[in-house]
Amino acid sequence: MAMARSAAACSGRHPASALLLRCSRQLRGGSCAVDRQAGQVPRHSTAVLRAQPPDGGGGDGGSKYDYSDPVNQFLGNFLPRARDVEAELSHIAWDTPKATGLSLDQMAERLSAALAQKEWFVTGDVEPSLFSDEFAFKDDSVATLGIRNYALGVRKLFDQDTARAELIAVEPDTSRGGVVVTWRLEGRVNLPFRPTIPPYVVTTTLATDAQGLIISQLDEFSVPGWQLLLGALLGAWAGPAPAPPAEQLRQEWQAKRAKSATR
Numbered sequence: 000m001a002m003a004r005s006a007a008a009c010s011g012r013h014p015a016s017a018l019l020l021r022c023s024r025q026l027r028g029g030s031c032a033v034d035r036q037a038g039q040v041p042r043h044s045t046a047v048l049r050a051q052p053p054d055g056g057g058g059d060g061g062s063k064y065d066y067s068d069p070v071n072q073f074l075g076n077f078l079p080r081a082r083d084v085e086a087e088l089s090h091i092a093w094d095t096p097k098a099t100g101l102s103l104d105q106m107a108e109r110l111s112a113a114l115a116q117k118e119w120f121v122t123g124d125v126e127p128s129l130f131s132d133e134f135a136f137k138d139d140s141v142a143t144l145g146i147r148n149y150a151l152g153v154r155k156l157f158d159q160d161t162a163r164a165e166l167i168a169v170e171p172d173t174s175r176g177g178v179v180v181t182w183r184l185e186g187r188v189n190l191p192f193r194p195t196i197p198p199y200v201v202t203t204t205l206a207t208d209a210q211g212l213i214i215s216q217l218d219e220f221s222v223p224g225w226q227l228l229l230g231a232l233l234g235a236w237a238g239p240a241p242a243p244p245a246e247q248l249r250q251e252w253q254a255k256r257a258k259s260a261t262r
């Protein structure tokens, strides 16, 4: 999308963040085409296993989801409707005051504690106080606007008995203007045949705005989406090698960080 790349170049922000800001404005106006190349993401962005149907059920008024391909839209039709899972998140105070003025270090500390406890990348049990009203989510298959829409989409996608989002690392990143979260995803998704997601590692970039609030989320991983889909549909033999246990990944990350610090 040439328009999105132009927005990134002119904004002075990280390209992915600029794209999401542009998407948020277009979603408010009607549409946002998802460009697989925009933002020049070095990893494969999360694909089929993030589908969210535009059913308008229980999300923000007039919510919109923009798909990049018909496969995701088709699979999304088999997920629970947003209104069916909204009660499970009824304890969240969506209009809670915003926690403005946080530094990247402070935001990283808040995220580390909250994500370890709530695992909201799979539960949807978010903390709205950390998110801008302009929050936009994007991956390789879908874009959406609003933290409530995102939370409901996550909740209806993942099986709450088996899905896990285990933290590996949470780091402030001034070059990206936000916080980078590395985590391990596994479990089942709420499709009729209850496929199991092959365990894999996700890198999530949470960009912040001038008030210190999270304005965008971009999920990336090193395994191609088609390979994850094959593993989910056909079994482990057809998918990628499973990621190591979270504790092993944490130890490897800490060892790598310690080695970098001694250079």
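Each residue of the sequence shown is one higher than the last, beginning at 0 in numbering that gives the first Met the number 0. Note that CB positions come from ideal geometry on N, CA and C, so glycine has one too.
(request) Would you mind stating whether PRO180 and LEU114 have Cβ atoms separated by less than 8 Å? (result) It is Val, not Pro, that sits at residue 180 in the sequence shown. Yes, the pair counts as a contact, with Cβ atoms nearer than the cut-off.
(message) I need the straight-line Cα distance from LEU88 to ASN148, nearest angstrom please.
(response) 12 Å
(message) Report the CB separation of ARG183 from THR195 in whole angstroms; it is logged as a contact under 8 Å.
(response) Contact doesn't hold; Cβ gap of about 14 Å is too wide.
(message) Nearest by alpha-carbon distance to GLY176: which of LEU205, ASP160, ALA150 is it?
(response) LEU205
(message) Going by DSSP in three states, ALA238 sits in which element: helix, strand or coil?
(response) The residue asked about is misnamed: residue 238 is Gly in this sequence, not Ala. If DSSP states are grouped into helix, strand and coil, GLY238 belongs with coil.
(request) Would you give the residue range spanned by the beta strand (DSSP E) that PHE134 belongs to? (result) 130-137
(message) On the DSSP letters alone, give me the boundaries of the alpha helix (DSSP H) that ALA81 sits inside.
(response) 81-84
(request) Measure the beta-carbon distance from ALA142 to ASP218 and round it to whole angstroms, keeping in mind my assumption that it falls under 8 Å. (result) At roughly 12 Å, the Cβ-Cβ gap does not stay under 8 Å, so ALA142 and ASP218 are not in contact.
(request) Determine the DSSP secondary structure at SER89, reduced to helix, strand or coil. (result) coil
(message) Is the separation between the beta-carbon of ARG163 and that of GLU118 shorter than 8 Å?
(response) yes
(request) Would you please state the rounded distance, in angstroms, between the beta carbons of LEU144 and LEU78? I believe it to be under 8 Å. (result) Not quite, the Cβ-Cβ distance comes to about 19 Å (not below 8 Å), so this is no contact.
(message) My parser needs the beta strand (DSSP E) runs of 3 or more residues fully inside the region 145-208; what are they?
(response) 163-172, 177-187, 195-207
(message) If I follow the unbroken beta strand (DSSP E) through ASP124, where does it start and stop?
(response) No beta strand (DSSP E) holds ASP124; DSSP gives it neither H nor E.
(message) Using 8 Å as the threshold, is the C-beta distance between LEU129 and LEU229 below it?
(response) no
(message) Going by C-alpha to C-alpha distance, which of ALA168, LEU110, LYS137, VAL178 sits closest to GLN250?
(response) ALA168
(request) May I ask which residues mark the beginning and end of the alpha helix (DSSP H) holding SER286? (result) The structure shown has nothing for residue 286, since the chain only spans 0 to 262.
(message) Please state the DSSP three-state secondary structure of PHE220.
(response) strand
(request) Take GLN72 as the anchor and find which of PRO223, LEU190, PRO241 has the nearest alpha-carbon. (result) LEU190
(message) Within 10 Å of its beta-carbon, does ASP104 have 16 or more other beta-carbons around it, so buried, or fewer, so exposed?
(response) exposed
(request) Determine the DSSP secondary structure at PRO53, reduced to helix, strand or coil. (result) The predicted model places PRO53 with a pLDDT of 36, which falls under 50 and marks its position as unreliable, so this point remains unresolved.
(message) So, with DSSP's three-state summary, where would you put ALA98?
(response) coil
(request) Closer than 6 Å by C-beta to VAL153: which residues in its own chain qualify, once you throw out the five before and the five after it? Chain order, please. (result) GLY123
(request) Please determine, among GLY224, ALA237, PRO244, THR173, the residue with the shortest C-alpha to C-alpha distance to THR207. (result) THR173
(request) Report the three-state DSSP secondary structure of SER215 (helix, strand or coil). (result) strand
(request) May I have the straight-line CA-CA distance separating PHE192 from GLU185, to the nearest angstrom? (result) 16 Å
(request) Spatial neighbours of SER131 within its chain, please: CB distance less than 6 Å, with the 5 preceding and 5 following residues excluded, ordered by chain position. (result) ASP208, LEU212, ILE214
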